[in-house]
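Novice: Residue numbers (my numbering), protein chains in the order written: chain A, 1 to 242; chain B, 1001 to 1242. Below is the structure I would like to discuss, written out as structure tokens.
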């Protein structure tokens, strides 16, 4: 079973203090790129796979979604999401995405932000999501980029010219990676870009757009600490269609 | 216009001495993976974009292709391809793939091996290839992997544990890269994986399969000099469908 690190006391406290946890989508620098890949949510039945504090669910409801189902494995995150939401269009449910069950042909949009790299059974989840979408329905997700997750000891190095470089190894050795981020021993599943795409295709999705995301010049001007990110993309964004 | 390095005397001499130039497909370690992505060529009308010495053209003809058109910008390579081929199913033609013209709906299979990373006008070529294929026709290609082409000063580094690592930088800075390989100043065009895929999608192709290729255990057992390649894929292989 996938590690539920978000219910770890120390991790949860650290995660709750991140800008994206306090300020939501506006402090999620990849959000404008992800939003540009989404269909208009007005009138849509939406499911958010790994909804966390519910920022996307609330955004979708404000945009006029007919219904929004937020799923997460973390009881702590769901508790805060519920406490901060009174919108009757939104429902939050506990779910282990490695054992996902959803009603068939019931959603127009499935969304997942920075969650899939935790899952062990991605193929199984994609099959469920495909069946849960109506024909023509959209699945849009972000995940940590495989260039970012590949190294067994990830971290920046310095180039001969003084700039930063990201040493890549074990790219084709897919499987768990244990890193220390907000807590010791956070386990993620490294998969190649090709694997994300082929699993989607094998689940009968059509690939619509792929974005290897890094902050743009205006974002870096406002957050100089993001300048190195352009050397290698931290996030992979994909839009697919049933 | 794309550099025609293959007609450089020194480069051509060096390239002609490579195992894949002397022994063809059998010494092209990515060939089994690429072949597995191809439709059966029996009866097909085939175009090879960047045919080089014509190894693939001859293979396709032996497999029963109805016709094979081999295109290349290098006069030297076409001369050797013609000298080594007497099969009436094969035609070789000089072509600058950045200014490609092909008849509409005339091919069942378009193939390109390690050529696209030289092209400046990939979007234009893909539009021509899409129109040149019949509906359902296949486009299968290999290119140098963007992880491989990204760094401005590419090369291996050593990890703390003694293994090899491939420092990646400038991944999202697409454009020309000048490297010294068989000759000084060989110019390739670095593009992100997402760009290859989005250009295909924008040309109305459907992505069928993506392979980030490195040699397998049996190949490494036979060629220990390839062992480091598994740390990061040297080649990107894509199958798409009109």
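Backbone N, C-alpha and C define an ideal beta-carbon position, used for all residues, glycine too.
(1) In chain order, what residues of the segment 1166–1190 of chain B put their CB closer than 9 Å to some CB of chain A?
(2) Which of the residues in the segment 213–228 of chain A, read from start to end, lie with their CB under 8 Å from any CB of chain B?
(3) Does any residue of chain A have a CB that is nearer than 8 Å to the CB of residue 1207 of chain B?
(4) Name, in chain order, the residues that DSSP records as bridge partners for residue 167 of chain A.
(5) Can you pull the DSSP bridge partners for residue 1093 of chain B?
(6) List, in order along the chain, the chain B residues whose C-beta lies closer than 7 Å to that of residue 142 of chain A?
(7) Restricting to runs no shorter than 3 residues, where is the beta strand (DSSP E) found entirely within the segment 182–237 of chain A?
(8) Pull the bridge partners of residue 175 of chain A from the DSSP assignment, please.
(9) Do three or more CB pairs link the segment 186–193 of chain A to the segment 146–155 of chain A at distances below 8 Å?
(10) With a cut-off of 8 Å, does the C-beta of residue 242 of chain A fall near any C-beta of chain B?
(11) Using DSSP with H/G/I as helix, E/B as strand and the rest coil, what is residue 1108 of chain B?
(12) Could you tell me the distance, in whole angstroms, from the CA atom of residue 113 of chain A to the CA atom of residue 59 of chain A?
(13) For residue 163 of chain A, go through chain B and note every residue whose CB falls closer than 8 Å to its CB, in chain order.
(14) Under 8 Å Cβ-Cβ, which residues of chain A neighbour residue 1197 of chain B?
(15) Apart from the five residues just before and just after residue 1104 of chain B, which ones in its own chain have a Cβ nearer than 8 Å to its Cβ?
(16) So the alpha helix (DSSP H) residue 1129 of chain B belongs to, where does it begin and stop?
(17) Name, please, each residue of chain A whose Cβ falls closer than 9 Å to the Cβ of residue 1231 of chain B.
(18) Along chain B, which residues have their Cβ under 9 Å away from the Cβ of residue 157 of chain A?
(19) Ordered along the chain, which non-local residues of its own chain (more than five positions away) have a Cβ less than 6 Å from that of residue 185 of chain A?
(20) Taking only runs of the beta strand (DSSP E) that begin and end inside the segment 13–95 of chain A, which ones reach a length of at least 3 residues, in chain order?
(21) When DSSP labels each residue in this structure, what does residue 1158 of chain B get in the three-state scheme?
(22) Mind listing the chain B neighbours of residue 203 of chain A? Cutoff is C-beta to C-beta under 7 Å, in chain order.
(23) Any beta-carbon of chain A closer than 8 Å to the one on residue 1250 of chain B?
(24) Note down, in chain order, every chain A residue with its Cβ under 7 Å from the Cβ of residue 1192 of chain B.
(25) Taking only beta-carbon positions, decide if residue 1123 of chain B is within less than 8 Å of chain A.
(26) Going along chain B, which residues have a C-beta under 8 Å from residue 160 of chain A?
(27) In the DSSP assignment, find the unbroken alpha helix (DSSP H) run with residue 1148 of chain B in it and report its ends.
(28) Please list the residues of the segment 1015–1033 of chain B that have a C-beta atom closer than 9 Å to any C-beta atom in chain A, keeping them in chain order.
(29) Could you tell me which residues DSSP pairs with residue 142 of chain A in its beta bridges?
(30) Rank A:197, A:221, A:214, A:8 by C-alpha distance to the C-alpha of residue 240 of chain A and give the top, closest one.
(31) Can the beta-carbon of residue 1167 of chain B be found closer than 8 Å to that of residue 171 of chain A?
(32) Spatial neighbours of residue 87 of chain A within its chain, please: CB distance less than 6 Å, with the 5 preceding and 5 following residues excluded, ordered by chain position.
(33) How many Å lie between residue 209 of chain A and residue 235 of chain A at the Cα?
(34) Within its chain, find whatever has a CB closer than 6 Å to the CB of residue 1165 of chain B; leave out the 5 residues flanking it on each side and keep chain order.
(35) Check this for me: beta carbons of residue 1043 of chain B and residue 1064 of chain B, under 8 Å apart or not?
(36) Count the other C-beta atoms from every protein chain shown that fall within 10 angstroms of the C-beta of residue 1243 of chain B, then say buried if there are 16 or more, exposed otherwise.
Specialist: Short version:
(1) 1166, 1167, 1168, 1169, 1170, 1171, 1172, 1173
(2) 214
(3) On the second chain, position 207 is the one that residue 1207 of chain B refers to. Yes, residue 1207 of chain B lies at the interface with chain A (some Cβ there is under 8 Å from its Cβ).
(4) As a first step, residue 167 of chain A is located in the first chain; it is residue number 167 there, counting from the start. For residue 167 of chain A, which the question treats as bridged, DSSP gives the partners B:1167.
(5) As a first step, residue 1093 of chain B is located in the second chain; it is residue number 93 there, counting from the start. BP columns for residue 1093 of chain B point to B:1071.
(6) Counting from one through the first chain, the residue named residue 142 of chain A turns up at place 142. What residue 142 of chain A touches in chain B: nothing, since even the nearest Cβ is about 13 Å away.
(7) 186–190, 206–213
(8) In the first chain, residue 175 of chain A corresponds to position 175, counting from 1. A:190, per the DSSP bridge assignment.
(9) yes
(10) As a first step, residue 242 of chain A must be located in the first chain, where it is residue number 242. So, not an interface residue.
(11) Locating residue 1108 of chain B in the second chain gives position 108, where the first residue counts as 1. In this structure, residue 1108 of chain B counts as strand in the three-state DSSP scheme.
(12) Along the first chain, one-based indexing puts residue 113 of chain A at 113. Along the first chain, one-based indexing puts residue 59 of chain A at 59. Cα to Cα, residue 113 of chain A sits roughly 14 Å from residue 59 of chain A.
(13) Here residue 163 of chain A is taken as the residue at index 163 of the first chain, counted from 1. The answer, in chain order, is 1169.
(14) The residue given as residue 1197 of chain B occupies position 197 in the second chain. Result: 197, 207, 210.
(15) Looking up residue 1104 of chain B in the second chain gives position 104. Closer than 8 Å at the Cβ level, and outside the excluded window around residue 1104 of chain B, lie 1131, 1132.
(16) If you number the second chain from 1, residue 1129 of chain B lands on position 129. From DSSP, the alpha helix (DSSP H) with residue 1129 of chain B extends over 1122–1132.
(17) By 1-based counting over the second chain, the position of residue 1231 of chain B is 231. Result: 150, 168, 169, 170, 171, 172, 173.
(18) The residue given as residue 157 of chain A occupies position 157 in the first chain. Those are 1157, 1165, 1167, listed as they occur along chain B.
(19) Position 185 of the first chain, counted from the start, is the residue given in the question as residue 185 of chain A. Contacts found: 178.
(20) 45–49, 67–72, 90–94
(21) Counting from one through the second chain, the residue named residue 1158 of chain B turns up at place 158. Three-state result, residue 1158 of chain B: strand.
(22) In the first chain, residue 203 of chain A corresponds to position 203, counting from 1. None at all; the shortest Cβ gap to chain B is about 13 Å.
(23) Summary: the structure shown does not reach residue 1250 of chain B, with chain B confined to residues 1001 through 1242, and so no result is reported for it.
(24) Locating residue 1192 of chain B in the second chain gives position 192, where the first residue counts as 1. Those are 212, listed as they occur along chain A.
(25) Residue 1123 of chain B sits at position 123 when you count from the first residue of the second chain. It does not; no Cβ of chain A falls within 8 Å.
(26) On the first chain, position 160 is the one that residue 160 of chain A refers to. The answer, in chain order, is 1153.
(27) As a first step, residue 1148 of chain B is located in the second chain; it is residue number 148 there, counting from the start. Element bounds for residue 1148 of chain B: 1146–1149.
(28) none
(29) In the first chain, residue 142 of chain A corresponds to position 142, counting from 1. Partner(s): A:113, A:237.
(30) In the first chain, counting from the first residue as 1, residue 240 of chain A sits at position 240. Of the candidates A:197, A:221, A:214, A:8, the one whose C-alpha sits nearest the C-alpha of residue 240 of chain A is A:197.
(31) Numbered from 1 along the second chain, position 167 holds the residue referred to as residue 1167 of chain B. Numbered from 1 along the first chain, position 171 holds the residue referred to as residue 171 of chain A. Taking 8 Å as the Cβ cut-off, residue 1167 of chain B and residue 171 of chain A do not qualify as a contacting pair.
(32) As a working note, residue 87 of chain A is residue 87 in the first chain. Within the same chain, residue 87 of chain A has close Cβ partners 61.
(33) Within the first chain, residue 209 of chain A is the residue found at index 209, counting from 1. Within the first chain, residue 235 of chain A is the residue found at index 235, counting from 1. Rounded to whole angstroms, residue 209 of chain A to residue 235 of chain A spans 14 Å at the Cα level.
(34) Taking the first residue of the second chain as position 1, residue 1165 of chain B is located at position 165. 1157, 1159.
(35) Your numbering for residue 1043 of chain B matches position 43 in the second chain. Your numbering for residue 1064 of chain B matches position 64 in the second chain. Contact: yes.
(36) Within the shown structure, residues of chain B are numbered from 1001 to 1242, placing residue 1243 of chain B beyond reach of any answer.
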